[in-house]
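What follows is a single structure, written as structure tokens, with notes after it.
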Amino acid sequence: MENKIKSTFKRDLKEEILYLLKEHPFQELAKMADEVRERFHGNVVHLRAIIEFSNYCRCNCLFCGIRRDNKKLSRYRMTPHEIITRAEKIAKEGFKTIVLQSGEDPFWTKEKLKEIISKIKKIKVAITLSVGERSYEDYATFKDAGADRYLLKFETSDEKLFNALKPDTSLENRLRCLRWLKELGYETGSGIIVGLPAQSFESLAEDLILMKDLRLDMVGIGPFIPHPETPLKNQPAGNPYLTLKVISLTRLLLPLSNIPATTALAVISPSLRIRALRCGANVIMPDMTPSGYKRLYDIYPGKTSVKGSYNELKSLLMKINRFTL
Ligand code: SAH
Numbered sequence: 627m628e629n630k631i632k633s634t635f636k637r638d639l640k641e642e643i644l645y646l647l648k649e650h651p652f653q654e655l656a657k658m659a660d661e662v663r664e665r666f667h668g669n670v671v672h673l674r675a676i677i678e679f680s681n682y683c684r685c686n687c688l689f690c691g692i693r694r695d696n697k698k699l700s701r702y703r704m705t706p707h708e709i710i711t712r713a714e715k716i717a718k719e720g721f722k723t724i725v726l727q728s729g730e731d732p733f734w735t736k737e738k739l740k741e742i743i744s745k746i747k748k749i750k751v752a753i754t755l756s757v758g759e760r761s762y763e764d765y766a767t768f769k770d771a772g773a774d775r776y777l778l779k780f781e782t783s784d785e786k787l788f789n790a791l792k793p794d795t796s797l798e799n800r801l802r803c804l805r806w807l808k809e810l811g812y813e814t815g816s817g818i819i820v821g822l823p824a825q826s827f828e829s830l831a832e833d834l835i836l837m838k839d840l841r842l843d844m845v846g847i848g849p850f851i852p853h854p855e856t857p858l859k860n861q862p863a864g865n866p867y868l869t870l871k872v873i874s875l876t877r878l879l880l881p882l883s884n885i886p887a888t889t890a891l892a893v894i895s896p897s898l899r900i901r902a903l904r905c906g907a908n909v910i911m912p913d914m915t916p917s918g919y920k921r922l923y924d925i926y927p928g929k930t931s932v933k934g935s936y937n938e939l940k941s942l943l944m945k946i947n948r949f950t951l
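My numbering applies: residue 627 is where the sequence shown begins, and numbers increase by one.
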């Protein structure tokens, strides 16, 4: 009986989401999402500084510019010393969370990352990791060393699409990793790309339901941006307004979660980042990778032109009556 109620409820929820995605005026959704954001999060925008410490990747995701078959890209790894001193500099600037992101790079063994995490932890910042799919034991070690949060987007819940775009893994494995991360006590983030080729409204509705079912602490939603050195180079970019709609719906379904105004949105137009903050988003993740490496972390084009030091972002936010803590 309970299962029957659950599945009916789910079907109704999916219908409702589909209607909102396809038919409902964006302005109304945005207004509701903005109110929910204000009620649960006030006017605070959290700034999370990202250090992209390695662009080596064993994966060949069809959408991603740092895929292993992109032979035109120069590959880099920051040294542990570079990563730690960068983190110290960023913390001095005022950032309270450091996100360490990389391709799936086996060079970074459990021991190497553990060492870096425990050293950064000494400077009293929250640490978010985003280094892809690893073993349970690795995740446990990173947590013990001081990692607080983990970002691992499932990208799409449509299994067929997932398999076509991410040939090195499976949706099942990605979701297993997310379960482990939750079990281990990480604040867990995931999310999707909007506008992937052949992605349907149906699958976006299912993505939203999955994000709700996973009770995610953080949800990243960005538009697809075609990269010239990938098999998807001739596909159109994701629609930014649909992306904003998905962000609004995410806020309505997950009032408490942290939702970034993603860099991919800002790549399409800087004003979209502000619009995202006005329709549910409450986080900005400025790229604080040292400038020599930044342009090489080329997951999609245009990323390096999105600017923002701590002070620049603070004053930008003041203009829309939002502040950082
Ligand atoms: N290796 C890590 C980090 C991946 S890069 C991991 O697997 O989690 C971070 C995010 O960039 C990805 O999760 C994906 O959502 C996004 N991304 C990559 N290529 C993109 C593209 N062409 N357009 C939009 N987003 C993209």
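No residue lacks a Cβ here, since even glycine has one placed at the ideal position from N, Cα and C.
Under the criterion of a Cβ to heavy atom distance below 7 Å, does residue i qualify as lining ligand 1?
i, result
"residue 679", "no"
"residue 840", "no"
"residue 676", "no"
"residue 922", "no"
"residue 890", "yes"
"residue 853", "yes"
"residue 952", "The structure shown does not extend to residue 952, since the chain is modelled only from 627 through 951, so no value can be given for it."
"residue 919", "no"
"residue 825", "no"
"residue 726", "no"
"residue 926", "yes"
"residue 868", "no"
"residue 779", "yes"
"residue 757", "yes"
"residue 850", "yes"
"residue 819", "yes"
"residue 730", "yes"
"residue 690", "yes"
I'd like to check one pair, residue j with residue i: are the Cβ atoms closer than 8 Å?
i, j, result
"residue 682", "residue 731", "yes"
"residue 800", "residue 759", "yes"
"residue 871", "residue 652", "yes"
"residue 794", "residue 690", "no"
"residue 753", "residue 774", "yes"
"residue 946", "residue 639", "no"
"residue 903", "residue 866", "no"
"residue 812", "residue 769", "yes"
"residue 723", "residue 751", "yes"
"residue 673", "residue 858", "no"
"residue 749", "residue 924", "no"
"residue 934", "residue 912", "yes"
"residue 733", "residue 882", "no"
"residue 766", "residue 810", "yes"
"residue 726", "residue 755", "yes"
"residue 738", "residue 706", "yes"
"residue 728", "residue 783", "no"
Can you list, in chain order, the residues of its chain with a C-beta nearer than 7 Å to that of residue i? Leave out the 5 residues immediately preceding and following it.
i, result
"residue 663", "877, 906 and 908"
"residue 787", "822, 824, 825 and 829"
"residue 901", "870"
Less than 6 Å between C-beta atoms, sequence neighbours within five positions excluded: which residues of the same chain meet that for residue i?
i, result
"residue 696", "855"
"residue 792", "687"
Does ligand 2 have even one heavy atom less than 7 Å from the beta-carbon of residue i?
i, result
"residue 803", "Ligands present in the displayed structure are limited to ligand 1, and ligand 2 is not among them."
I believe residue i touches residue j by the beta-carbon criterion, under 8 Å. Please report the beta-carbon distance rounded to the nearest angstrom.
i, j, result
"residue 869", "residue 885", "The Cβ separation is near 12 Å, so there is no contact."
"residue 890", "residue 849", "5 Å"
"residue 678", "residue 919", "7 Å"
"residue 874", "residue 659", "4 Å"
"residue 757", "residue 948", "30 Å between Cβ atoms; not a contact."
"residue 643", "residue 831", "4 Å"
"residue 914", "residue 709", "With a Cβ gap of about 11 Å, residue 914 and residue 709 do not count as contacting."
Sorted by chain position, which residues of the same chain lie with C-beta nearer than 8 Å to residue i's C-beta, five sequence neighbours on each side aside?
i, result
"residue 893", "851, 926, 927, 928, 929, 931 and 932"
"residue 700", "922"
"residue 816", "777, 778, 779, 780, 804, 837, 840, 842, 844, 845 and 846"
"residue 772", "743, 744, 746, 747 and 753"
"residue 951", "670, 672 and 722"
- Query: For the region 820 to 905, which segments carrying the alpha helix (DSSP H) assignment without a break, of at least 4 residues, lie completely within its bounds, in sequence order?
  - Reply: 827 to 839, 866 to 879, 889 to 894 and 896 to 903
- Task: Please list the segments of the beta strand (DSSP E) lying wholly inside the region 657 to 688, counting only runs of 3 or more residues, in order along the chain.
- Result: 672 to 680
- beta strand (DSSP E) segments (min. 3 residues) lying fully within the region 736 to 816: 752 to 756 and 775 to 777
- Message: So within the region 910 to 941, which uninterrupted beta strand (DSSP E) runs reach at least 3 residues, ignoring any that extend past its ends?
- Response: Qualifying beta strand (DSSP E) stretches: none in this window.
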